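Chemist:
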């Protein structure tokens, strides 16, 4: 009886949650959309993998929650894997009796085919149940494995899945390697990994993880025993290597991936700015797009021949864009100075919308172009001028496509990153963090709240308007449509996913939030669904983000760590900045 | 005397007052010009001229719009009262109900019930919408907010934003991304025309129904919170959580009840909104959601009658504004700036009277 209750509490409940997740994945159309791409060609598609992963996760969570005794772990894991299977079978059966499509547009025959492995309702339902049970059971077994084999197995499987999901990226990069491009034939078919390719990836990753676990500590110890000068030399070599990679990257990656990189770069730029406002100073700004728009429109108005009011070049317009950005940051900052967090969020959101509505309106059309936007912005050019007296004309470098803009954005990111990094450790940065922790106490300690907050808004706005200016010039035109609320949400996701207040976190966040979806074209439709879920899950489980700032993590886990010493491993994991 | 005055005023206040005064000036100048069109010709502005019939219909649509805002605002205000947080996902609670009920309404329409038994059919549609909305609200509380009650302030807010987008795009995935046309209910169409000494008075039936229904719901809700045991318990929780718990009130249950009530009123408001604008869409919650929040702040957040008053006030301002003062300032196509007026109102209220019309001072960081 007690065991039954334990199964209910630990297996069934998690299974039901997993089942609801699986149903949502099926009915929102994700399963079918992702089905276009195979992970292993002809064996398993991304859509199916998603379903199986839900079952595996449910099984693993149930196993972890049970923990003891072993047989109950396995039973619970199996139950938790089976329940999503049962719910999906119910969906298939109901869907075959009633036309659910009248309401749920994604309950298509394609979905049922996918769920039943194309074997018809009866055989398919049975296979689905078996798949659920087996996935759960396997997850339970994995849980019971000793630490090292478990890590090797899980990482290797994740490696295979990741390789399959990111096949386009990997294939194009390898294809550019000239004679080495033959590798592609071994690993990939047109739609996914080949079976030998998948096995190779699995073995390689497994071996890597195994070696790292066995030898990693020894290598690290060896590195530490080196003389400090040698250590510094190694670090410098590493940095030089990184710089070299960054410089040749667009040439290696080709046009499309360079475009992706420029998008990510623009979000890093904006994210670094918002990181100051949200991460350092703790002011939740949802109208961040306003400053982006200010930067973009300033450049457009000053350079576009369509209005004919000004004919500046990009470089002449840039200082105006940033200055106006700072000004608008201060102007929008003043009214919200005394507001508390949640009010601030809504008011800034309102500001963002006001700016967009103004830009869109016919009223300001003569100055801003209205809904048609402004076009034909001249591209930025470096050089090309004649040095007076010497009669030498420098060679001109025009930023025409993404491969050229990449460098402009890279330089921008480096400068802004450096500024943000230095600001963080400055007196002002510490004042921001004090304000974030407790305004009243900060004020009592003699921090000027008005100046501190306004500086946060102003520097955030400056970075964002810089990003906007580059964005406008890269696109060659500006439209009100580019400045939706979504932009603010994307940037907020970048900051939060990476870890509020963490500068490397912004970079990680931008790649995760904007890089990945660009590489997975099918993903685009579900982007905001995932972001929403990611924000909720992150806040529930890991509020410090993917690459947290050490201080922030300690704050957020204060209660858990109180009294017990911080584990050694945790300290070494903290980013060395 | 002057010394003391100088100490009391800080420069940011001055900036704010200047902004406010400028806006006030613009509003009054614009209104005067609109009301006396001869002034406009003297100034060389082209403005539209409205008669009594136009003003009356603008007023009525503002009132109907405002009563829907008021109903949604109740949800914000009540949740704010008990949890001291803005339920950012409330706009999705508002959207989910009528969007789901659309399929019921469409089915009733095709079977002909909607016209032969309009009252029963509408009751079913309302019931479905209200149940769905309150279910979503309760799930939201259980999954996204309850585990974070003791977390730093910023964290539940981010969760709420995340939940909001998650819900929007889940519904988009489930029901599709297109606009769905809400079926027309015959008894709600048409208009009444009265002849008055000032001119013709035209009143849309649907607007009257919306106003009456919203007023009835709000009245019921008000009585519920004032008179019943549960209502009193909710008020006790929002007054002081710990003291309420000491008095034997189950706080978790009261919070759930609050979310249920918020969901019910949002669902009903959603159907009224859908009947008025005749379409549903997965993004339909966003703008009314923000407006309703504005209304809640306007009336004083945490204050029920305040939310109702704020909603109606906002609805009126928003529908009167473009034709009254923006028109008078010679702004082209003033209706494009309708939403901007609401947002500017929000900012102005928070600057000059963060307590709202009837509320206590909460917007400033304390609590």
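Residue numbers (the numbering used here), protein chains in the order written: chain A, 12 to 588; chain B, 40 to 406. Cβ coordinates follow ideal geometry from the N, Cα and C atoms, glycine included. Because the structure is a prediction, the values reported are computed rather than measured.
(1) Buried or exposed for residue 286(A), going by 16 or more other Cβ atoms inside 10 Å?
(2) Using DSSP's beta-bridge definition, name the partner residues of residue 233(B).
(3) Could you give the distance in angstroms between the alpha-carbon of residue 201(A) and the alpha-carbon of residue 122(A)?
(4) So, is the C-beta of residue 559(A) closer than 7 Å to a C-beta in chain B?
(5) Distance, Cα to Cα, residue 221(B) vs residue 46(A)?
(6) How far does the alpha helix (DSSP H) with residue 378(B) in it reach, from first residue to last?
(7) In this structure, does DSSP put residue 350(A) in helix, strand or coil?
(8) For a contact meaning CB atoms closer than 8 Å, what does residue 142(B) contact in chain A?
(9) Kindly give me the distance between the Cβ atoms of residue 345(B) and residue 277(B), rounded to whole angstroms, as I take these residues to be in contact under 8 Å.
(10) Looking at chain B, is there any beta carbon in it that lies within less than 7 Å of the beta carbon of residue 611(A)?
(11) Could you tell me which residues DSSP puts in a beta bridge with residue 366(A)?
(12) Helix, strand or coil: which one does DSSP assign to residue 404(A)?
(13) Pop quiz: residue 204(A) and residue 178(A) are said to be a contact at Cβ under 8 Å. What is the actual Cβ separation, rounded to whole angstroms?
(14) How big is the Cα-Cα spacing for residue 154(B) and residue 161(B)?
(15) Listing by chain order, which chain B residues have their CB less than 8 Å from the CB of residue 346(A)?
(16) Using the Cα positions of residue 63(A) and residue 142(A), report the straight-line distance between them to the nearest angstrom.
(17) Quick one: give me the first and last residue of the alpha helix (DSSP H) that residue 158(A) is part of.
(18) DSSP has residue 442(A) in a bridge; who is on the other side?
(19) Verify the CB distance criterion: does residue 554(A) have a CB-CB separation below 7 Å to chain D?
(20) Who are the near neighbours of residue 76(A) in its chain, counting only those whose CB is closer than 6 Å to its CB and skipping five residues on each side?
(21) With DSSP as the reference, label residue 21(A) as helix, strand or coil.
(22) At 7 Å on the CB atoms, spell out the chain B contacts of residue 19(A), in chain order.
(23) Closer than 8 Å, Cβ to any Cβ of chain A: which residues of the region 64-77 of chain B, in chain order?
(24) Going by DSSP, name the residue or residues bridged to residue 319(B).
(25) In three-state DSSP terms, what is residue 461(A)?
(26) Residues of chain A with CB closer than 7 Å to the CB of residue 410(B), please, in chain order.
(27) Quick check: what's the CA-CA separation for residue 135(B) versus residue 111(A)?
(28) Which same chain residues end up closer than 6 Å to residue 25(A) when comparing Cβ atoms and leaving out the 5 residues on each side of it in sequence?
(29) Mind checking residue 435(A): buried by the 16 CB within 10 Å criterion, or exposed?
(30) Tell me whether the beta-carbon of residue 301(A) lies closer than 7 Å to the beta-carbon of residue 363(A).
(31) List the endpoints of the continuous beta strand (DSSP E) containing residue 49(A).
(32) Considering only the alpha carbon of each residue, which of 406(A), 383(A), 283(A), 193(A) lies closest to residue 394(A)?
(33) What does residue 537(A) reach in chain B if we use C-beta pairs closer than 8 Å?
(34) Using a Cβ-Cβ cutoff of 7 Å, what residues of the region 279-302 of chain A are near chain B? List them in chain order.
(35) Could you tell me the alpha carbon to alpha carbon distance between residue 233(B) and residue 102(B), rounded to whole angstroms?
(36) Cβ of residue 52(B) less than 7 Å from any chain A Cβ?
Modeler: The short version:
(1) Residue 286(A) should be labelled buried.
(2) Beta-bridge pairing links residue 233(B) to 240(B).
(3) Across the structure, residue 201(A) and residue 122(A) are spaced so that their CA atoms are roughly 23 Å apart.
(4) Closer than 7 Å to the CB of residue 559(A) there is not a single CB belonging to chain B.
(5) Computed Cα separation, rounded: 33 Å.
(6) Residues 377-391.
(7) Three-state DSSP puts residue 350(A) in a strand.
(8) Residues of chain A whose Cβ lies closer than 8 Å to the Cβ of residue 142(B) are, in chain order, 113, 114.
(9) Rounded to the nearest angstrom, the Cβ distance from residue 345(B) to residue 277(B) is 13 Å, too far for a contact under 8 Å.
(10) There is no way to answer for residue 611(A), as the model of chain A reaches only from 12 to 588.
(11) Its beta-bridge partners do not exist; DSSP assigns none.
(12) For residue 404(A), the three-state secondary structure derived from DSSP is strand.
(13) Yes, they are in contact, since the Cβ atoms of residue 204(A) and residue 178(A) sit about 7 Å apart, within 8 Å.
(14) Cα to Cα, the separation comes out at about 10 Å.
(15) For residue 346(A), the chain B residues whose C-beta falls within less than 8 Å of its own C-beta are 55, 58, 386, 389, 390, listed in chain order.
(16) Computed Cα separation, rounded: 8 Å.
(17) Per DSSP, residue 158(A) belongs to the alpha helix (DSSP H) from 158-176.
(18) Residue 442(A) is not bridged by DSSP to any residue.
(19) You won't find chain D in this structure, because its protein chains are A and B.
(20) Around residue 76(A), the same chain offers 21 as residues with beta carbons nearer than 6 Å, after the five sequence neighbours per side are excluded.
(21) Helix at residue 21(A).
(22) Going along chain B, no residue has its Cβ under 7 Å from residue 19(A), so there is no contact; the nearest lies around 18 Å.
(23) Residues of the region 64-77 of chain B with a Cβ closer than 8 Å to any Cβ of chain A: none.
(24) Per DSSP, 219(B).
(25) Note: residue 461(A) maps to helix in three-state DSSP.
(26) Residue 410(B) lies beyond the range of chain B shown here (40 to 406); nothing can be said about it.
(27) For the pair residue 135(B) and residue 111(A), the Cα-to-Cα distance works out to about 18 Å.
(28) The beta carbon of residue 25(A) is closer than 6 Å to those of 69, 72, 73, 91 in its chain, skipping five residues each way along the sequence.
(29) That one is buried.
(30) Yes. Within cutoff.
(31) Run containing residue 49(A): 49-51, per the beta strand (DSSP E) assignment.
(32) The residue among 406(A), 383(A), 283(A), 193(A) with its C-alpha nearest the C-alpha of residue 394(A) is 406(A).
(33) Listed along chain B are 208, 212, each with a C-beta nearer than 8 Å to that of residue 537(A).
(34) Answer in chain order: 293, 295.
(35) The alpha-carbon atoms of residue 233(B) and residue 102(B) are separated by roughly 18 Å.
(36) Answer no: the Cβ-Cβ gap between residue 52(B) and chain A never drops below 7 Å.
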